[in-house]
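Read the structure below first, then the notes.
Protein chains: 2
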Amino acid sequence: MAQSIRRAIDLIRRSAEHPLSLTEAADVLGVHKSTALRILQTLESARFVRRTGAGTYVLGSGLIELSELALGSMDLRQFAAAHLRALQRETSHTVHLAQLTGDEIIYIDKVDSPAFDAVKLPSRVGRAVSIYASAVGKTILAYLPSEERDRLLSPVVFERFTDTTFADHESLDAELVRIRELGWATDNGEHDAYVMCVAAPIRDSRGQVIAAASITAIEVIANLDQLKSNLPRLLETANQISCELGYTPPSAPSPDDPEDGRSIDE
Amino acid sequence: MAQSIRRAIDLIRRSAEHPLSLTEAADVLGVHKSTALRILQTLESARFVRRTGAGTYVLGSGLIELSELALGSMDLRQFAAAHLRALQRETSHTVHLAQLTGDEIIYIDKVDSPAFDAVKLPSRVGRAVSIYASAVGKTILAYLPSEERDRLLSPVVFERFTDTTFADHESLDAELVRIRELGWATDNGEHDAYVMCVAAPIRDSRGQVIAAASITAIEVIANLDQLKSNLPRLLETANQISCELGYTPPSAPSPDDPEDGRSIDE
DNA sequence: GTCTACATTGCACATATTGCAACGCAAGCG
DNA sequence: CGCTTGCGTTGCAATATGTGCAATGTAGAC
Chain A
0 MAQSIRRAID
10 LIRRSAEHPL
20 SLTEAADVLG
30 VHKSTALRIL
40 QTLESARFVR
50 RTGAGTYVLG
60 SGLIELSELA
70 LGSMDLRQFA
80 AAHLRALQRE
90 TSHTVHLAQL
100 TGDEIIYIDK
110 VDSPAFDAVK
120 LPSRVGRAVS
130 IYASAVGKTI
140 LAYLPSEERD
150 RLLSPVVFER
160 FTDTTFADHE
170 SLDAELVRIR
180 ELGWATDNGE
190 HDAYVMCVAA
200 PIRDSRGQVI
210 AAASITAIEV
220 IANLDQLKSN
230 LPRLLETANQ
240 ISCELGYTPP
250 SAPSPDDPED
260 GRSIDE
Chain B
0 MAQSIRRAID
10 LIRRSAEHPL
20 SLTEAADVLG
30 VHKSTALRIL
40 QTLESARFVR
50 RTGAGTYVLG
60 SGLIELSELA
70 LGSMDLRQFA
80 AAHLRALQRE
90 TSHTVHLAQL
100 TGDEIIYIDK
110 VDSPAFDAVK
120 LPSRVGRAVS
130 IYASAVGKTI
140 LAYLPSEERD
150 RLLSPVVFER
160 FTDTTFADHE
170 SLDAELVRIR
180 ELGWATDNGE
190 HDAYVMCVAA
200 PIRDSRGQVI
210 AAASITAIEV
220 IANLDQLKSN
230 LPRLLETANQ
240 ISCELGYTPP
250 SAPSPDDPED
260 GRSIDE
């Protein structure tokens, strides 16, 4: 389709994985060294890659800047960061923040458990997450205006990843109703049998759900019931983030200070 | 040099800034629409850009993933994140984390003050920072082995950004000695006259300084003396992060541990 | 000193990329 | 309704663009 661009992309990918010498770059592309050189020089001029002192090429700062530009414009991430990290510390589970962007739901932050870094989850910031087979996906879906929801689901071909996947419109719709009633969602190994999640919605100033925060654990660490014990803390965190975005919770029970509806217990 | 790759990069850049229609893309490149289309399709296949429902192109998750891969491999960032956010909350100033990468010093994290978001600082994650006209730059420089320091400074052409810039080897060397004596650095508007910083070094398990954390404010918010009042908290934070990286403080006035005979003068 | 191994430059060739023109498709409007 | 307008898409021929080769430059090993 566009050969040289493909090659450039390939080199970017490789250089992100490990430092790349020119000869190595030429080899992986199957081209002459001079060709690889010119591609790398072009990428370097945009700081997409950077030359190390050793003459190898590694991912450059230009790319990082760009993605920060894209992610950073989502102020949500800034506002949420500290809360998510506190939540991680207190629950000791991995915490995710996902947002609806265009027509997919993307992880925009992830806080790993520093202790259990042996078991890294496959999720990654920037990656899209299943819209119907994840706690965050279902949470956002549940609170979307129905026409939006239909738009997102229309191109979806349901796939039954595991026994618990909601793999058709009917059962998914029922699940979404349940989520709206509870105010939170779970993922009972619906995408990967051994991965459990609970998620809660995050609202913007208009009250619209635009994102979701989740706590994740693999089954050997905690089962779903154990995860649910963190629900009050998760919901509190999600509320705090919503408040920072300008959300005013609907009519606090105590009507004297609507500003500070951060509630329940702390 | 490599025309089509340049064009592709240009489109990536633009799409990061705001959604791009095909016609718009063709216009900014000054090429035919079909050409722009093919470039965008190629980028889309690598998920460097993504088509929105409206048919416009925006930055895709592939790029974000890549940069996260690069940033994430710096475990430092993960370890530091929570501490930096706590520091930000307590001082209410903007907090930066910068790391020596290759031969430049790059911001790898930034915590904005949510309150004063009116005054956004020009710094950005992924962007290189002046090596001699910034608190973090000077901090890292100060503790670098001298041959490394020379290597980094050799290509530098000094530029006097403001009245306070250390714009020659002599005065910079004196400043670095001062920094080593104090254990922290300041930036008294040395790059931008109205931007003040204090910075502290972060050490890895071998005791080597690999990064620096800083607190920043613009002059109208706080002058340098006011910033300095946060020094104890900043130094504490830097130490905490160092500890998470496996650093064992030389602690003890007990002089029996020859392992850490560095610092002071080298 | 010569020898490798590697990066880099200049140039002729041909391939991949380009622009064009025609087409499809939807929206706007008399 | 049917015309127009604006947009994205496809096929194809021309050539500008990117390519490989061979020669040169550079650094380190022996």
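Chains A and B are the protein sequences, given in the same order. The first sequence begins at 0 in numbering that gives the first Met the number 0 and counts up one residue at a time. The second sequence begins at 0 in numbering that gives the first Met the number 0 and counts up one residue at a time. We put the beta carbon where it would ideally sit given N, CA and C, even for glycine. Quantities reported herein were computed from a predicted structural model and do not represent experimental measurements.
Query raised in the report: Are at least three pairs of beta-carbons, each pair with one atom in the segment 95 to 113 of chain A and one in the segment 132 to 149 of chain A, less than 8 Å apart?
Result: yes
Query raised in the report: Between Ser241/A and the rest of its own chain, which residues show a CB-CB distance below 7 Å, the 5 nearest in sequence each way excluded?
Result: Ile201, Arg202
**Report entry** Proximal residues, the segment 35 to 55 of chain A versus chain B, C-beta separation under 9 Å
**Finding:** Arg37, Ile38, Gln40, Thr41, Leu42, Ser44, Ala45, Arg46, Phe47, Arg49, Arg50, Thr51, Gly52
Query raised in the report: Can you name, in chain order, every residue of its own chain whose Cβ lies under 7 Å from the Cβ of Leu36/B, other than the five neighbours on each side?
Result: Leu21
Query raised in the report: How would you label Gly59/A, buried or exposed, when you count the other beta carbons within 10 angstroms and need 16 or more for buried?
Result: buried
Requested in this report: Below 7 Å CB to CB, which residues in the same chain sit around Thr163/A once its five sequence neighbours on both sides are set aside?
Outcome: Asn187, Gly188, Glu189
Query raised in the report: When the Cα of Ile4/B is compared with those of Asp26/A, Leu28/A, Ser44/A, which residue comes out closest?
Result: Ser44/A
Report task. Please work out which residues of its chain come closer than 7 Å, Cβ to Cβ, to Leu42/A, disregarding the five sequence neighbours upstream and downstream, and give them in chain order. Result -> Ala7, Leu10, Ile11, Val48
Query raised in the report: In chain order, what residues of the same chain lie with their CB nearer than 7 Å to the CB of Arg232/B, ignoring the 5 residues before and after it?
Result: Leu86, Glu89, Thr90
Requested in this report: Using the Cα positions of Ala117/A and Ala1/A, report the straight-line distance between them to the nearest angstrom.
Outcome: Residue confidence is low: Ala117/A scores 46 on pLDDT, short of 50, so the model does not pin down where it sits. Its coordinate-derived value is still stated next. Distance between the alpha carbons of Ala117/A and Ala1/A: 40 Å.
Query raised in the report: Do Ile107/A and Ala127/A have their CB atoms nearer than 8 Å?
Result: no
Requested in this report: Within the same chain, show all residues whose beta-carbon is closer than 7 Å to that of Tyr283/A, passing over the 5 residues directly before and after it, in chain order.
Outcome: The displayed coordinates of chain A run from 0 to 265. Any statement about residue 283/A would go beyond what the structure contains.
Requested in this report: Please report the Cβ distance between Phe157/B and Asp167/B, rounded to the nearest whole angstrom; I am assuming they are in contact, meaning their Cβ atoms lie under 8 Å.
Outcome: 6 Å
Query raised in the report: What are the partner residues of Asn187/B, as DSSP defines its beta bridges?
Result: Met195/B
Report task. Can you tell me which of Thr93/B, Val30/B, Ile209/B, His82/B puts its alpha carbon nearest to the alpha carbon of Ala221/B? Result -> Thr93/B
**Report entry** beta strand (DSSP E) segment containing Tyr106/A, residue limits
**Finding:** 103 to 110
Query raised in the report: What residue range is occupied by the uninterrupted alpha helix (DSSP H) comprising Val176/A?
Result: 168 to 181
Report task. Please name the residues in the segment 119 to 137 of chain B whose beta-carbon is closer than 9 Å to at least one beta-carbon of chain A, in chain order. Result -> Arg123, Val124, Gly125, Arg126, Ala127
Query raised in the report: Would you say Arg84/B reaches chain A, if we count a Cβ-Cβ gap shorter than 8 Å as a contact?
Result: yes
Query raised in the report: How about Gly136/B and Ile63/A: are their beta carbons less than 8 Å apart?
Result: no
Report task. Please name the residue in His17/B, Asp191/B, Ser145/B whose C-alpha comes closest to that of Asp172/B. Result -> Ser145/B
Query raised in the report: Closer than 8 Å, CB to CB, is Leu140/B near chain A or not?
Result: no
Query raised in the report: Using the C-alpha atoms, what's the distance from Leu223/B back to Val155/B?
Result: 27 Å
Requested in this report: Kindly indicate if chain A contains any beta-carbon less than 8 Å away from that of Ser3/B.
Outcome: yes
Report task. Using a Cβ cut-off of 8 Å (strictly closer), state whether Asp203/A contacts chain B. Result -> no
Report task. Leaving aside the five residues before and after Arg261/B along the sequence, list all residues of the same chain whose C-beta is less than 7 Å from its C-beta, in chain order. Result -> Any answer about Arg261/B is weak, because its pLDDT of 45 lies below 50 and its placement is not dependable; what the coordinates show is given next. Cβ neighbours of Arg261/B beyond the five flanking positions: Gly206.
Report task. Inspect the beta-carbon positions of Ala212/A and Ala184/A and report whether they are closer than 8 Å. Result -> no
Query - Residue from Leu120/B, Leu152/B, Ile178/B whose Cα sits closest to the Cα of Ala134/B - result: Ile178/B
Requested in this report: Starting from the Cα of Ala53/A, find the closest Cα among Pro18/A, Leu65/A, His82/A, His31/A and give me that residue.
Outcome: Pro18/A
Query raised in the report: Taking 8 Å as the CB-CB limit, is Glu67/A close to chain B?
Result: yes
Query raised in the report: Name the residues in the segment 180 to 211 of chain B whose C-beta lies less than 8 Å from a C-beta of chain A; which are they?
Result: none
Query raised in the report: Can you list the residues of chain A that Ile104/B reaches, using a CB-CB cut of under 8 Å?
Result: Correct list: empty, because the minimum Cβ distance to chain A is about 10 Å.
Query raised in the report: Listing by chain order, which chain A residues have their CB less than 7 Å from the CB of Gly29/B?
Result: Near Gly29/B there are no residues of chain A at all, since even the closest Cβ is about 17 Å away, more than 7 Å.
Query raised in the report: If you follow the alpha helix (DSSP H) that Thr34/A is part of, which residue opens it and which one closes it?
Result: 32 to 44
Query raised in the report: For the candidate residues Phe165/B, Met195/B, Ala192/B, Thr51/B, whose alpha-carbon lies nearest to that of Leu151/A?
Result: Thr51/B
Report task. Give the DSSP bridge partners of Pro267/B, in chain order. Result -> Beyond the ends of chain B as shown, which are 0 and 265, falls residue 267/B; an answer cannot be given.
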